[in-house]
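Working notes, beginning with the structure itself.
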Amino acid sequence: MTEQYKIVYMLGIGGIGMSALARYFNHLGYRVEGYDKTPSALTQALSEEGIKIHFEDKIELMPTELVTGTNADQVLIIYTPAIPKNHAQYNYILDKNYTIYKRAQVLGMITKQSKCITVAGTHGKTTTSTLIAHIMKEGTGNISAFLGGISSNYKTNLLLGDNNAYTVIEADEYDRSFLQLYPLISVITSMDPDHLDIYGSPDEMAKTYNQFAHQVNPDGKLIVRYGLSIDATPKLTYGFDKNADYFGTNIRIADGHYTFDIVTKNRTVKDI
């Protein structure tokens, strides 16, 4: 679906998730431009990679195609929900009836041809998704990942594989964005109350997590930390409770590293 575009314009390009998308499209040869509120080390890195970024909310700084209306349909516009509703460029886009997409919608577009693995949860998304991406990259080499942090070993928040490879994505619960995703495999790490300005109550947030869990492909896997109130089935559970399908035990710390055993229904794997 993104093939019809030649230019990508991003409102909030300096965010960790948005910057991974910017790098993705830049790698594919699109002309990428964007706005962010303040300069940062990340926006500096994007600029050094050839991406044009400005920091003033002025219409005239947007891509010429959007300002003049000429070939505006060639511009893919992506925004983060953190952009305020009184933002001048955002309102200009709406007034012109240009199509604008949330980050999660675009991730949904570009992962439709891949086997999507998502990690959702109030806490632990970045660590878990980075671990999954690293393990799979070391194992198969053919893995794409949109990470919510700069991986210390890869020095980036984007890994690129073939289009039909597995793709690891952090499933962001903010603004219900993760409901745009329909993964083959999903991990849910936690459901502590958060973003109650969006959800209104912990019960409504839990209801939305359950809706997301039901969007996992029936032929895939739903993996949930033991004790979370997720009613979708079938599911695998993990944690430290002995009633979980997979649980950790015999946890030790030595020389700055954790070592532990994993107990499954059939065997124990020692010294992970």
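All the letters of the sequence shown, read from the start, carry residue numbers 15 to 286 under this note's numbering. By construction, the Cβ of each residue, glycine as well, lies at the ideal position given by its N, Cα and C atoms. This structure is a prediction, so every number in the text was calculated from the model and none was measured.
Nearest candidate by alpha-carbon position, reference residue i, set the options
i           : options               : result
residue 52  : 179, 100, 110 and 69  : 69
residue 152 : 45, 167, 198 and 141  : 167
residue 83  : 278, 253, 284 and 107 : 107
residue 180 : 164, 170 and 159      : 159
residue 112 : 248, 23 and 208       : 23
residue 28  : 242, 57, 190 and 137  : 57
residue 100 : 71, 86 and 250        : 71
residue 44  : 171, 17, 192 and 86   : 17
residue 126 : 183, 105 and 81       : 183
residue 176 : 25, 124 and 164       : 124
residue 97  : 50, 191 and 252       : 50
residue 247 : 260, 256, 257 and 233 : 233
Beta-carbon proximity check, residue i vs residue j, cutoff 8 Å
i           : j           : result
residue 40  : residue 65  : yes
residue 244 : residue 224 : yes
residue 202 : residue 227 : yes
residue 7   : residue 194 : Within the shown structure, residues of the chain are numbered from 15 to 286, placing residue 7 beyond reach of any answer.
residue 48  : residue 34  : no
residue 235 : residue 212 : no
residue 26  : residue 115 : no
residue 161 : residue 140 : yes
residue 81  : residue 19  : no
residue 132 : residue 208 : no
residue 222 : residue 190 : yes
residue 252 : residue 239 : yes
Pairwise C-alpha distance: residue j and residue i
i           : j           : result
residue 196 : residue 67  : 32 Å
residue 156 : residue 110 : 41 Å
residue 147 : residue 276 : 20 Å
residue 301 : residue 216 : Not covered by the structure: residue 301. The range shown for the chain is 15 to 286.
residue 254 : residue 262 : 5 Å
residue 285 : residue 174 : 31 Å
Run of the alpha helix (DSSP H) containing residue i, from where it starts to where it stops
i           : result
residue 150 : 139 to 153
residue 223 : 216 to 227
residue 104 : 102 to 109
residue 36  : 30 to 41
residue 82  : 78 to 82
residue 213 : 210 to 213
Extent of the continuous beta strand (DSSP E) run through residue i
i           : result
residue 239 : 235 to 239
residue 277 : 271 to 277
residue 250 : 250 to 253
residue 22  : 21 to 25
residue 182 : 180 to 185
residue 89  : 89 to 93
residue 115 : 114 to 116
According to DSSP, residues forming a beta bridge with residue i
i           : result
residue 202 : 134 and 238
residue 47  : 23 and 66
residue 268 : 271
residue 159 : 173 and 182
residue 282 : 277
residue 260 : 252
residue 129 : 180
Residue i beta carbon near the ligand COA (any heavy atom closer than 7 Å)
i           : result
residue 114 : Because no ligand of any kind appears in the structure shown, any question about the ligand COA cannot be addressed here.
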